[in-house]
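Protein chains in written order, with our numbering: chain E, 594 to 964; chain C, 843 to 1195.
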């Protein structure tokens, strides 16, 4: 499996430090945002929190919540020093002091538990400031190894969707359908998976966690499957019909298909993310459904992907970010339409020199489950 | 990640149970002189808000504004299109959101004219939210009100206990269904079998750690082939109720099972963990015994306790005992326990474990 080039990673992070003027970078991750620490130190955390520290000379240290987890983190991480349990805060303070760090940029400061911020504030002569945005900008353009891992994740996302088709049978409860997808992506090597779904008809206004509802003939089943391989997520959004699609379902899906194609046609280096959103929304407007592209009905027209499954920038009509080679994102015009309820359609994309390419290979069509 | 079942079954968790919890919370707040209580939630730390309202976020963050009088307000990171789902799966009816969660909470506190504001688990509240509250509410007294939540959770209700038992059944039955098939599989294949077995039994979320070989410590699954000398640690959430079990993949050595039962007998709230470890070491069945006590009642697994002091009645914990038996085999056992007055007892009887 592809390994991250740690020397390049550290150099890129050091370039951020030289721009922000920080002597060191400290990443904090609560469990639900493991990406900050993973980008800095390359390990997957167990428990409630973890830290990673990049010192002025390029040395990386890792900090795990549990002392029993230290050995695993030492194996997984490129950090030279690993601390766990009660030794974490004293070790962190000692390392900052030993390296004479005066200013530390904190990635994930806004999510850091208050007690940790207060402990850092007590370290003599240390100034802390937020570095989340600066590293977020760095992370937008993926390294070659990151792209390979995302391709691997996209292949597993395709497998997950195949499992969803197989499991979508009349009478199957939603949560059992999700269980089959989960089993498939885990067998494919997924560390984690972000998945939402819904089933039904025009009453479905959003995806959410699966419930006990049992699938019925003619249901629309919508899902986003987002497996994580060695830290990196790729997402696929697809819609399927249990049994024969109705003309309204086909007509509705065709709008989503064309909207996403419009995003693929426009996405290339130099365009803004706003243009990618506008291209999708214009298709809905041309069909008289412009209202359904507003926040009342939908959240975003896509988002970046990487170590987190919902990275910034979000694909919105007011986002001025300029697309660059190496950016990875999903364009998904997911929304509610009165024709057939909420539908979803999206693929993970890589921005290339001439445009963009898909990282996955599932057909771009409305799927049918035999039921 | 919570990609399993989230729902509010009113038979399983009757509305009057939640109303009773809310009434008790108001009484505790009144005793502290609090106008309102702020309780943080996210996809990982969802237990306290779930206890009060049954709201369980499938991702993102939120803060529950719980007033001493009147209806609670949820400030949510989730978008408006899922508000109907939030209302369907919880007692929350008023939901607000804004670009900054902390600023939105401050705005709502001002609207509610609270002056004396309690913050549940203040020390672990995300800095961004706490900072926005401090800046946005200069006229409010913001105090740590973790004791209110602790007091609240020290009362066990039958409905809550039944949900923990259901989580334990999912974990033990799901593991039992596939455990014989795990040796010889890669870590990924083993995780796949476990995930299917657990989630088809309606698990909301799982965390699976495997030790493929006798000499390994449990970690996330990988390419390594699992052997019969390995160990599985399985954490299961059922609708916000987390439990943990630990099991050897081969048949358990009866002598060390007896050692585990002895550890459960000796576990007393307030007891020293070190003396418990020493006592287990003197038993002789296990070499190099490791004893881990993990608290799951705030709804996240693998939160190791350094001490048993101040463990409130009603807390659900997991006791894990591991070591090497006299034949040199790795052994591990862990079960969820309920802390009662002066003792702890397994959530499920022996025959069901």
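Think of the CB as a built atom: it goes at the ideal place given N, C-alpha and C, for glycine as much as any other residue.
- Do you know offhand how far residue 974 of chain C's Cα is from residue 872 of chain C's? Roughly 25 Å between the two C-alpha positions.
- Cβ of residue 969 of chain C within 8 Å of any chain E Cβ: True, the Cβ-Cβ gap to chain E drops below 8 Å.
- Neighbour flag for residue 1144 of chain C against chain E, beta carbons, 8 Å: True, the Cβ-Cβ gap to chain E drops below 8 Å.
- Cross-strand partners of residue 900 of chain C (DSSP beta bridge): Paired residues: none, contrary to the question.
- Task: May I ask you to verify whether the region 934-953 of chain C touches the region 909-917 of chain C, counting CB pairs closer than 8 Å and requiring at least 3?
- Result: In short, these stretches touch, since the Cβ pair count reaches three.
- Item | Euclidean distance between Cα positions of residue 1124 of chain C and residue 676 of chain E | Each residue's alpha carbon lies about 30 Å from the other.
- Hey, residue 817 of chain E and residue 874 of chain E are a contact pair by Cβ (cut 8 Å); roughly how many whole angstroms apart? Between residue 874 of chain E and residue 817 of chain E the Cβ distance is about 19 Å, and since that is not below 8 Å, they are no contact.
- Task: Could you name the residues of chain E that residue 927 of chain C contacts, counting a contact when the two beta carbons are closer than 7 Å?
- Result: Correct list: 799, 801.
- Taking 8 Å as the CB-CB cut-off, is residue 1099 of chain C touching chain E? Answer no: the Cβ-Cβ gap between residue 1099 of chain C and chain E never drops below 8 Å.
- Message: As a quick exercise: from C/1042, C/988, C/1031, pick the residue whose alpha carbon is nearest that of residue 1009 of chain C.
- Response: Taking the Cα of residue 1009 of chain C as reference, the smallest distance to any Cα among C/1042, C/988, C/1031 is reached at C/1042.
- Task: Alpha carbon to alpha carbon, how far is residue 695 of chain E from residue 776 of chain E? Give it in angstroms, no decimals.
- Result: Distance between the alpha carbons of residue 776 of chain E and residue 695 of chain E: 48 Å.
- Less than 7 Å between the CB of residue 899 of chain C and some heavy atom of the ligand PLP, yes or no? As far as ligands go, the structure on display features none, and thus does not contain the ligand PLP.
- Express the C-alpha separation of residue 876 of chain C and residue 820 of chain E in angstroms, rounding to a whole number. CA-to-CA, the gap between residue 820 of chain E and residue 876 of chain C works out to about 44 Å.
- Query: Near residue 1039 of chain C, which residues of its chain fall below 6 Å by C-beta distance, leaving aside the five closest residues on each side in sequence?
  - Reply: Cβ neighbours of residue 1039 of chain C beyond the five flanking positions: 1016, 1019, 1020.
- Task: Could you please tell me which residues of the region 1073-1105 of chain C, in chain order, have their CB closer than 7 Å to any CB of chain E?
- Result: The region 1073-1105 of chain C vs chain E, Cβ under 7 Å: nothing.
- Chain-ordered chain C contacts of residue 773 of chain E [CB-CB under 9 Å]: Within 9 Å Cβ-Cβ: 1038, 1041, 1042.
- Cβ separation of residue 860 of chain C and residue 896 of chain C, assumed to be a contact under 8 Å, to the nearest whole Å: Confirmed, about 6 Å.
- Message: So, at 6 Å on beta carbons, what are the nonlocal neighbours of residue 1030 of chain C in its own chain, with the 5 sequence-adjacent residues on each side left out?
- Response: For residue 1030 of chain C, where only same-chain residues beyond five positions count, the Cβ hits under 6 Å are 1063.
- Item | Straight-line Cα distance separating residue 837 of chain E from residue 930 of chain C | For the pair residue 930 of chain C and residue 837 of chain E, the Cα-to-Cα distance works out to about 30 Å.
- C-alpha gap between residue 1166 of chain C and residue 1153 of chain C, whole angstroms: Near 29 Å, if we compare the C-alpha coordinates of residue 1153 of chain C and residue 1166 of chain C.
- Comparing alpha-carbon positions, which option in C/846, C/1087, C/1004, C/1092 lies nearest residue 1070 of chain C? The option with the nearest alpha carbon to residue 1070 of chain C is C/1092.
- What are the start and end residues of the alpha helix (DSSP H) that includes residue 612 of chain E? Residues 599-613.
- Query: Where are the alpha helix (DSSP H) runs, 4 residues long or more, that stay fully inside the region 1080-1122 of chain C, in chain order?
  - Reply: Note on the region 1080-1122 of chain C: whole alpha helix (DSSP H) runs with a minimum of 4 residues are 1096-1108, in chain order.
- Could you name the residues of chain E that residue 1157 of chain C contacts, counting a contact when the two beta carbons are closer than 7 Å? For the C-beta of residue 1157 of chain C, not a single chain E residue is nearer than 7 Å; the gap to the nearest is close to 17 Å.
- Taking 8 Å as the CB-CB limit, is residue 923 of chain E close to chain C? Residue-level contact check: residue 923 of chain E does not touch chain C, since none of the beta carbons of chain C fall below 8 Å from its beta carbon.
- Locate the beta strand (DSSP E) running through residue 942 of chain C, then write down its first and last residues. For residue 942 of chain C, there is no enclosing beta strand (DSSP E), as DSSP marks it with neither H nor E.
- Item | 6 Å CB neighbourhood of residue 915 of chain E in its chain, flanking five on each side removed | The residues 865, in chain order, have a CB closer than 6 Å to that of residue 915 of chain E in the same chain once the five nearest residues on each side in sequence are set aside.
- Task: Rank C/1131, C/1100, C/1097, C/1148 by C-alpha distance to the C-alpha of residue 1115 of chain C and give the top, closest one.
- Result: Residue 1115 of chain C has its Cα closest to that of C/1148, out of C/1131, C/1100, C/1097, C/1148.
- Whose C-alpha, out of E/624, E/927, E/719, E/854, is nearest the C-alpha of residue 949 of chain E? For residue 949 of chain E, the nearest C-alpha among the options comes from E/854.
- Task: Work out the CA separation of residue 849 of chain C and residue 767 of chain E for me, nearest whole Å.
- Result: So the two alpha carbons sit approximately 11 Å from each other.
- Query: How would you call residue 622 of chain E, buried or exposed, if buried means at least 16 neighbouring beta carbons within 10 angstroms?
  - Reply: With a threshold of 16 other beta carbon atoms within 10 Å, residue 622 of chain E meets it and is buried.
- Query: Is residue 848 of chain C helix, strand or coil when you go by DSSP?
  - Reply: The answer is coil: DSSP assigns residue 848 of chain C none of H, G, I, E or B.
- Message: When you compare the CB of residue 844 of chain C with every CB in chain E, is at least one pair closer than 8 Å?
- Response: Yes, its Cβ sits closer than 8 Å to a Cβ of chain E.
- Task: Per DSSP, which residues does residue 978 of chain E bridge with? Please list them.
- Result: Missing from the structure shown is residue 978 of chain E; chain E here goes from 594 to 964 and no further.
- Message: Which of the three DSSP states is assigned to residue 720 of chain E in this structure?
- Response: Collapsing the DSSP output to three states places residue 720 of chain E in a strand.
- Task: Inspect the beta-carbon positions of residue 959 of chain E and residue 832 of chain E and report whether they are closer than 8 Å.
- Result: Contact flag set, yes.
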